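Every letter in the sequence shown is one number past the one before it in full-length UniProt numbering, and letter 23, counting from 1, is 23.
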Amino acid sequence: MLKRTPWFILIMLLIGCSNPPINNGISNDTTLEGIVIEKTTNGAFLELVGESSHISNKIHVSVEDNEMLADIIEGQHVRVWYDVISESYPPQTQALRLELIEEQPK
């Protein structure tokens with residue numbers, strides 16, 4: 001039993017180190033990028049770009065706090081951190097964080 005303990009500890013450490021990167025408590029693995037095509041009263045419609053476009057071509061991102069959208073205008077490229085995407089048309093998600101991307105999308 002004692003011979004197995006170091007291996008168990010090593011395996012647990014390796015598993016614990018394989019978590020995705022965290023940014024202010026939000027995983028970097030759950031982001032999407034898009035161009036704001038329309039602002040709404042509680043969010044915005046985005047045209048997804050890059051790797052995010054495999055989800056859909058368009059998505060509605062709602063926000064709890066409209067201050068998240070205060071400086072965002074139509075035509076800007078944004079990155080959105082989210083938790084879950086609802087399967088609807090268009091898909092919908094709740095923004096945990098929203099960030100303006102200065103560079104033009106590729």
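Just so you know, even glycine gets a beta-carbon here, dropped at the ideal spot from N, CA and C.
All figures in this text were calculated on a predicted structure; none of them were measured in a lab.
So which of Pro91, Asn57, Asp71 has the shortest CA-CA distance to Lys39?
-> Shortest Cα-Cα distance from Lys39 to any of Pro91, Asn57, Asp71 involves Asp71.
Exposed unless 16 or more other CB atoms sit within 10 angstroms - verdict on Glu51 = Exposed.
Report the three-state DSSP secondary structure of Gly50 (helix, strand or coil).
-> Judged by DSSP in its simplified three-state form, Gly50 adopts helix.
On the DSSP bridge assignment, give the partners of Glu38 in chain order.
-> According to DSSP, Glu38 bridges with Phe45.
Determine the closest residue to Gln94 out of Val49, Glu64, Leu48, Thr41, with distance taken between C-alpha atoms.
-> The shortest C-alpha to C-alpha distance from Gln94 to any of Val49, Glu64, Leu48, Thr41 is the one to Glu64.
Using the C-alpha atoms, what's the distance from Ile59 back to Ser88?
-> The alpha-carbon of Ser88 is positioned some 9 Å away from that of Ile59.
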